[in-house]
Each structure stands twice: as C-alpha cells, then as structure tokens.
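Protein sequence lines, in the order shown, are assigned to chains A and B. Numbering-wise (my numbering), the first sequence opens with residue 18 and increments by one. Numbering-wise (my numbering), the second sequence opens with residue 56 and increments by one. All residues carry an ideal CB built from backbone N, CA and C; glycine is no exception. All figures in this text were calculated on a predicted structure; none of them were measured in a lab. Notes follow the structure.
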Amino acid sequence: MIFNATRTFVAAAVLGVSALAANAQFMPESPECIAPANPGGGWDFTCRQVGKTLQDLGLIDKTMQVVNLAGGGGGVAYAEVVNKRNDSNDLIVAASSATATRLAQGAFPGNTMDQVRWVASVGADYGVIAVAANSEITSLTQLLDQIKADPTSVSVAGGSAVGGWDHLKVLIAASAYGIEDVRKVKYIAFDGGGEAVTQLLAGSVQAFTGDISEAKGFVDSGDIKVIAVLAPERLDGEFADFPTAREQGVDAIGANWRGFYAPGGMSDEAYDAWVSKIGELYASDEWKAVMAANGMAPLDLQGDAFQTFVSESVAQIQNISREIGIIK
Amino acid sequence: METLASLGDGFAIALTWQNLGLALLGCFLGTIMGALPGLGPSNGVAILIPLAFTLGLGATPSLILLTSVYYGAMYGGRISSILLNIPGDEPAMMTCLDGYPMARKGLAGEALSLSGIASFVGAFFATWGLILLAPQLVKIALLFGPAEYFALFALAFMTLGGVSSTNQAKSAFAAALGLGLATIGVDTQTGVPRFTFGEVHLYDGLDFLVAIVGLFALSEVFIFLETRHGGAEADGKKMEIGRLYPPMSMVKQCTPTMLRTSVLGFLAGVLPGAGASLGSFISYSMEKRLVDKEGTFGKGDPRGVAAPEAGNNAAAGGALVPMLALGVPGSGTTAVLLAVLLALNITPGPLLFTQNPDVVWGLIAALFIANFMLLAMNIPMVGIFTRVLMIPSRVLMPIVAMVSFVGIYGISGSSFDLLVMIGFGVMGWLLRKFDVPLVPIILGTLLGNSMENNLRRAITIDNGNWLTLFDSPLALTLWAIAIIGFILPLVVGRKVKASMHEKRDQPGSTAD
C-alpha cells in the first residue's frame, strides 16, 4: 500500500505539471471501468463513452481500460468488486437502475448496496410508454383504461426480464392509475429494447415500455408514437412534444439513471477525485452533446447526494416488488 | 442509379491510404482472432474498440477498422475448424463436419482455399443485398413475430437429422442435452432462476463460447492424452497438405451450392433473432438435403465446406441490415458495432441512411474492400496455415490447451468459466467415446433459449392459445418446410441408409 501510494504520488507529481487540475493529487495509474455485461449493452456504452470523454477532456491521462465482466445481470461483477477488488483505487463500475432493482430484489445473492461506494450519476433515461403510429390509442389513460377493462387484450413489450425495470415502469403507471391487481398486466420480455420495438412495429404486441434512447430513432421516423414519458415535467428540445404521464393524471415517474459505483475500500482521496472527475465530465459541453445525442436527461448527483438517491430508489423498488409479489 | 452514385461516394470516402491501411490491419487481426478458438468476432471487435478510440479515429475510419475485423473473423473461424476440428467461433462449427474429414483425406489446402472462396462469394452477395435491398428487407424482419420465430427454430431442429451421419437417435439425444443445458439461468419470462444452485455465475446461463471450446478443443486434448498413453500414434503429423488451390472442377461443382447458401444465409442474418450460426446451420442441412445423393456429406464433401462458409459470411452481411436500418443487432458482433456507433454519436435506425449517408456508404464500400482484401490475403496464406498440420501433436495439443485457457480467461476474467470449460471438456471426451455428435449439443444451447422464449412469448400474447403458432401464412410455410424436411428423409432415406451401412465402421466426422 505504501509503495502504491508513493508510486501514485510520484506519478502525480510528474503528471501534475500537465494536469494542474484541483484534483491533481490523485490520478488513477491505470484507470479501469468494469462493464458488468457483454460488449454492446448500456453499461458497456456508459464505460466506453465516459472513458473516452474523460480522456478527451484530459481528466485521465491514460486510456480507460474497459473490462466486460458479464454474468448474473451485474451480480458477478458486484461480487468480484466486493470480494476481490475491494481496495482498488483505479476502478469504477458502471451501474444503472437495473443494478438498484436487482439489489432491491436480492438478486445478487449475499450482496447489499452499502458494500460499495456510489460515485456519481452521468444522466438519466426517462421511461416512455409508446404505441405503434397507426394505433387507435392516443393517450396513456386510454391504454390504461383498456388494460383495466380487459387485461388480456393488451400485450406490453419491454427489453428487460419479468420483474426488471422496464416491467416495473409500466406497473408503476398502472398502479398509479388505480389498477388494483397489477399482476394481471400482460408483460412480454424481449432481449433488449430494440427487439421489443421491432415487435411493436410488427404488430405482435400493442404497447412498448422502455427508455427514450431506445425509442428515439423510431419516433423520428414516424413509426411509433410516445403516449407518455415518465418524467416529472416535459423534457427539453426535440422531446418537448411528449406528454408526461403526470399531466394526464397518472402520477408515475420512472427514470433509468446511469452512473458508477466504486469499491467499498477505496481511499477517501481516490473517491473524492473520482467524484470530482465525473462531476467535471458531467458539466462539460462534450458530455452535454453526448447526452443530447442519446436522449439522456439531466440527473446531476455526485458523492453523498448520489448515495442517498440510490438508497431511496432501492427502498422504492422494494415496495413495488413486494406489492406485485416478486419478493416477500 | 442513385444507389450506384451513393456507392461511388462511399468509395471516395473509403479509398484513402489511412482507410485502406486500417482495412488491411483489421482483416489481418480479424483472421487471426477468428482462427483462435475462444476469440470470436464479437470479442475481436470489442478488443479493438479501445484501439480505435486511442487513435482518435473518426466515425467512418473506426467502422472500417472494426467491420474489417468482423469480416476477417468470419473468414478466420474456418481455419481451425478444417485443420484441427476445433471451431474458431460458433458459426464455423458446421465447417468442421466436412472440412476436417477433407483435411484428413489430404485435402487440407483445397478445403482452406475453397472455403476462402465460399466466404468471399457469401460476403460479396450479402454486401450487394445490403445495398440493394436493405429498406425492403426490413419489412421481412417485421413479418416475424414470436410465433414465426418459433417455427423457424423448430425448422432448424427438425432438419437436424441432416447434420450427423451416424445414429439419428444419438443426435436427437445430443440436441436434447443441449436444450436442457440452455434452460440454466434466470428465466426472462418469469424472472425465476433455474438450475443455478444459488451460483451467481450461472444466472445468465452458460456461455456458448465456453461450451464450444470445452467440448471441441479440450476434449481433443483429452483424447490425445489418452491415445498417447495407449501407445497409439497421433495421426496429426502424418497428414498431407494437398494442393494449395482447388481444381476448377471442384469450384464448379460447388458454385450452385455457394449461390444457394448465400441467399439462405443472408436471409437468416437479416432476422434479428436468428443470426450467423443459424445461417450456416440451415445452409448446411438444407444443402445436404438437396444435393447429397451419395451420402458423401460429413465424409469430406467439398460442398459441405462451401455451404456453411458461404452461409455464415452471407449472414454476417445480412446481420448488418437490421443493425443499420432498425438499430436492432442481429448477433453478438453487431451488438458491439451498434455500441460503437452510439459511442460515436451516430444513432442507427430508420433514418440513418438519410441522416448519415457518408457513414453508411463509406461502411458499405469498406465491406467490399475488406472482402477483396481477405480473398487476396487468404488464398496465398493457405500455405502458411497448413503448416499447422506439420506440427507434431505433442507440441500442438499443449498449445491448443493453453490458447483455450488463456482465451476464455482473457474474455471473461472468471475462473468459474474455466471450471465450466473443463466440465464441458470431460463431457465432450465421454460423448466422443459413445460416438455422440457434438454439434447438436451446441445448437441446442445456442438456439434453445430463443426458441423457448419465443414459444412462451407467442403463447402469452395470445392468452394461452396454442393455435397461435399456426396462425399466419408465414408460420404455416415454415412448418410445412420443417415437416417436409423431417419426413422426406425417412421415406427416401432408405437407399442412403443402405450405402451408409457399409461404412458403419467409419465413425462420423463429429464423433472422432
């Protein structure tokens, strides 16, 4: 450890000349980001995009090493970090609402959210509920009325497994509208949002629940229409046309946030440095461009604020999951 | 005409020294990665993403580099299939069936160069298909709902009998075993873990790559260990290489096969739920049904090498259609490419062709360039590849074992996967003893999940009504083909069976 610290210090002293930022005292020697899934998914994207932007901005001086550690919906990576990489100062791990959902439902056997340090968020992807462009349904209430009248007549497709975040979003909306037995809502799990949207276009299902980023391309081309965005208020720019669920009288909010956690044994110095680096990244114009291009909405939480946010959302998901009988 | 003009613009973008250099680098690295067991196209592409970012490449050059790796790996996968009977990646599995017997007959050089040509033909037509038909093809993908996908997978399994030349019951058993293994992991339709025994590594199910490397590569090593101790000679070093170029008559004989399977493979690639493995598999089994009159498939028939290679390379091109036009990846590799596009701030989807024409056409031109480069590179390199056969087994087998372990650990970084791989190795060794073909096991694990999920999706959507599976003309057509493919050989197959009976003592290719 001492040797490590000395080395870090020397490295920082040498490199500090070029990087005279406020956090020059800690510079990760070999920055590493674990994406707890195979290449190509959201976590992989978070790691690679953040790594690339951090380097472009000069916040890290080496290329971020992205390690794909797939398995157990993130559980393998979580266990690995807790058990084997607990002291690493160079490591951050991509996380999202899906991580919180699984932690809340106890799907990472033996692990809880307080075994790691939550670093910061880099944005959020608000949930949308959409139907095909030629559908008769034009509003969320109309869709929910139909589900209320005959739950078997509406199939809702989403990219996550049953009990996953895409499923929970539609249940949050249904329960906010007063549908009592939300278990009756017919949800069809597909392998990712893209496949789910494709099946909506193919006419196999009647509605789609997912993230804005998954729906964006198809909204632009006029193939699907978004009947509700699960955001507190209307979004900016090109998304301003989407009605919120709230303005239709359904008090439902569902955001798929993206962010990072770090090993629980990370030194305070390193943790603070990572928090401020991600904070600086978040504030940069480069990152705003990335967010705009991917339909990500602002969610600016770092350090303790982020830690509190995650623990609140874990508690909220636990409540819903208990209500629908996924956990006892 | 407008298309050709756009393609011309694409070539103008792609034909710079930098881009040509990147394509060459990508083709070379891709071929090697494809040939190494364990490293497939998706890992190959993923490994090179940091390189593209570090070099600070723009969107088009990055895509040129990465798609060259993709095409290169699809070419390279066949090399170890033919020479060692170890598939370099999933789609190359079918090439083992006839490629390895050809190599054992002393036709390794012919098999390699013929498969190179077949790969070229498949990829070439697929790229044209991508140019001319991409917008229309998207509509085909939209015809496939869960019920149709299920029928498609059922079709694949019903023609399974065509794959192995030995006992049909054994291949049925192997397929059932594969389907059983596919049920391991969290069931997405209910969220309940199955057969995971609380082990978090099993939640996502078994990794096909681990299964393939274990079943094929490690079991080969075990067999070698056993025969060395028994004093039997290792047959590796006595192999002849044969000519480096296939005779014209062989190419001619295979041309109709290549053309047919290019079309089939391309269509399989276009369907987001199917992909290259299904493409090469259906290509092989359909072609066997169609032209294998003498029962030579599985015993080193050149057409059995040309069919899956043209099929899987055409599927690789086809898989780009839904990725570019819908933003839906048709395979693991296109999922990675999709992520790269997103990271470069390009949103694939219905509007990509109009919003970023330079990227699309530059990419398509790069595919052509990469394809010609690969052909030009692969044919002369056949001579080098075949040297592998000159390496004595006692040197080669430890290398195979090492590459397997390093490859799998390098990708997943998990020692649990290594244990699973050893488990599969032992299983493969045992099954080879019993003459059970290994390919259906992999097909079962590979396709089992999608097959089950689509069945359950279809049934849930129609509220438990099983008749939904036969509800559309497309589904009915697929079922009809499946049933014909299943029953026809039972009726006509007697003659074939008789001729096979004489050669009973010769074990089938997959089983040795």
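Original post:
Taking C-alpha atoms, which residue in B:Thr243, B:Ala224 and B:Met213 lies nearest to A:Ala178?
Top reply: Ranking B:Thr243, B:Ala224 and B:Met213 by CA distance to the CA of A:Ala178 puts B:Thr243 first.
Original post:
So B:Val376 packs on B:Leu192, CB below 8 Å; how close in whole Å?
Top reply: 5 Å
Original post:
With 8 Å set as the bound, which would you pick, yes or no: does the beta-carbon of A:Gly342 sit closer than that to a beta-carbon of chain B?
Top reply: no
**OP:** Give me the Cα-Cα distance between A:Ala117 and A:Leu318, rounded to the nearest whole angstrom.
**Re:** 15 Å
Original post:
Is A:Gly180 close to chain B, meaning its C-beta is less than 8 Å from at least one C-beta of that chain?
Top reply: Closer than 8 Å to some Cβ of chain B, the Cβ of A:Gly180 qualifies, so yes.
Subject >> Coil, strand or helix - A:Asp285 by DSSP >> reply: helix
Original post:
If we count the other Cβ atoms within 10 Å of its Cβ and call it buried at 16 or more, is B:Ile108 buried or exposed?
Top reply: For the sequence presented, residue 108 of chain B should be read as Phe rather than Ile. That one is buried.
Original post:
Are the beta-carbon atoms belonging to B:Leu399 and B:Leu379 less than 8 Å from one another?
Top reply: no
Subject >> Assigned exposure category for B:Gly286 - 16 Cβ within 10 Å defines buried >> reply: Only weak support exists for where B:Gly286 lies, its pLDDT of 46 falling under 50; the coordinates are left without a value.
Original post:
How long is the line joining the alpha carbons of A:Ser156 and B:Ala178, rounded to whole angstroms?
Top reply: 46 Å
**OP:** Counting only the same chain and skipping the five closest in sequence on each side, list residues whose C-beta sits under 8 Å from that of A:Thr70.
**Re:** Leu298, Ser301, Glu303, Trp304 and Val307
**OP:** Out of B:Met213, B:Gly76, B:Ile419 and B:Pro96, point me to the one whose CA is closest to B:Ile542's CA.
**Re:** Measuring from the Cα of B:Ile542, the nearest candidate turns out to be B:Met213.
Original post:
Measuring CA to CA, which of A:Arg200, A:Met44 and A:Val187 is closest to A:Ala224?
Top reply: A:Val187
Original post:
Taking buried to mean at least 16 other C-beta atoms within 10 Å of its own C-beta, is B:Ser467 buried or exposed?
Top reply: buried
Original post:
In three-state DSSP terms, what is A:Pro280?
Top reply: It is a strand residue.
Original post:
Along chain B, in chain order, which residues have C-beta atoms closer than 8 Å to that of A:Val83?
Top reply: At a beta-carbon threshold of 8 Å, the residues of chain B lying near A:Val83 are Ile104 and Pro105, ordered along the chain.
Subject >> Beta-bridge partners of B:Gln191, as assigned by DSSP >> reply: Answer is none; B:Gln191 lacks a bridge partner.
Original post:
Of the residues B:Pro156, B:Gly99 and B:Leu138, which one's Cα is nearest the Cα of B:Asp356?
Top reply: The residue with the shortest Cα to Cα distance from B:Asp356 is B:Pro156.
Original post:
Along the chain, where does the alpha helix (DSSP H) that runs through B:Ala60 open and close?
Top reply: Glu57 to Ala69
Original post:
For the segment 504–517 of chain B, which residues have a beta carbon sitting closer than 7 Å to at least one beta carbon of chain A?
Top reply: Arg512, Thr515 and Ile516
Original post:
What is the C-beta distance between B:Gly499 and B:Leu210, in whole angstroms, given that I count them as a contact (C-beta under 8 Å)?
Top reply: Incorrect: roughly 15 Å between the Cβ atoms, too far for contact.
Subject >> alpha helix (DSSP H) segment containing A:Trp182, residue limits >> reply: Trp182 to Ala193
**OP:** Tell me, please, whether the segment 302–315 of chain B touches the segment 357–364 of chain B by the rule of three or more beta-carbon pairs shorter than 8 Å.
**Re:** yes
Subject >> Span separating the alpha-carbon of B:Pro453 from that of B:Gly269 >> reply: 14 Å
Original post:
What number of angstroms, rounded off, separates the C-alpha of B:Glu288 from the C-alpha of B:Ala158?
Top reply: Residue confidence is low: B:Glu288 scores 47 on pLDDT, short of 50, so the model does not pin down where it sits. Its coordinate-derived value is still stated next. Inter-residue distance for B:Glu288 and B:Ala158 is about 18 Å (C-alpha atoms, whole angstroms).
Original post:
Which first and last residues belong to the beta strand (DSSP E) in which A:Glu49 is found?
Top reply: Glu49 to Ala52
Subject >> Runs of alpha helix (DSSP H) lying entirely within the segment 193–253 of chain B, each at least 4 residues, in chain order >> reply: Correct list: 201–213 and 223–237.
Original post:
Of the residues B:Asp526, B:Gln410, B:Ser459 and B:Ile337, which one's Cα is nearest the Cα of B:Ile477?
Top reply: B:Ser459
Subject >> Nonlocal neighbours in the same chain, by C-beta distance under 7 Å from A:Gly234, ignoring five residues either side >> reply: none
**OP:** Could you tell me the boundaries of the beta strand (DSSP E) in which B:Thr312 lies?
**Re:** Not the beta strand (DSSP E): B:Thr312 falls in the alpha helix (DSSP H), residues Met303 to Val325.
Original post:
Which residues bound the alpha helix (DSSP H) around A:Ser114?
Top reply: Ser114 to Ala121
Original post:
Per DSSP, what kind of secondary structure is A:Asp61 in: helix, strand or coil?
Top reply: When secondary structure is reduced to three states using DSSP, A:Asp61 falls in the helix class.
**OP:** Tell whether a beta-carbon distance below 8 Å holds between B:Gly462 and B:Leu273.
**Re:** no
Original post:
At what residues does the beta strand (DSSP E) containing B:Ser505 begin and finish?
Top reply: Segment Val494 to Ile516 is the alpha helix (DSSP H) holding B:Ser505; no beta strand (DSSP E) there.
**OP:** Using DSSP bridges, identify the partner residues of A:Val84.
**Re:** A:Ile51
Original post:
A:Trp304 lies in the alpha helix (DSSP H); which residues open and close that run?
Top reply: Asp302 to Ala310
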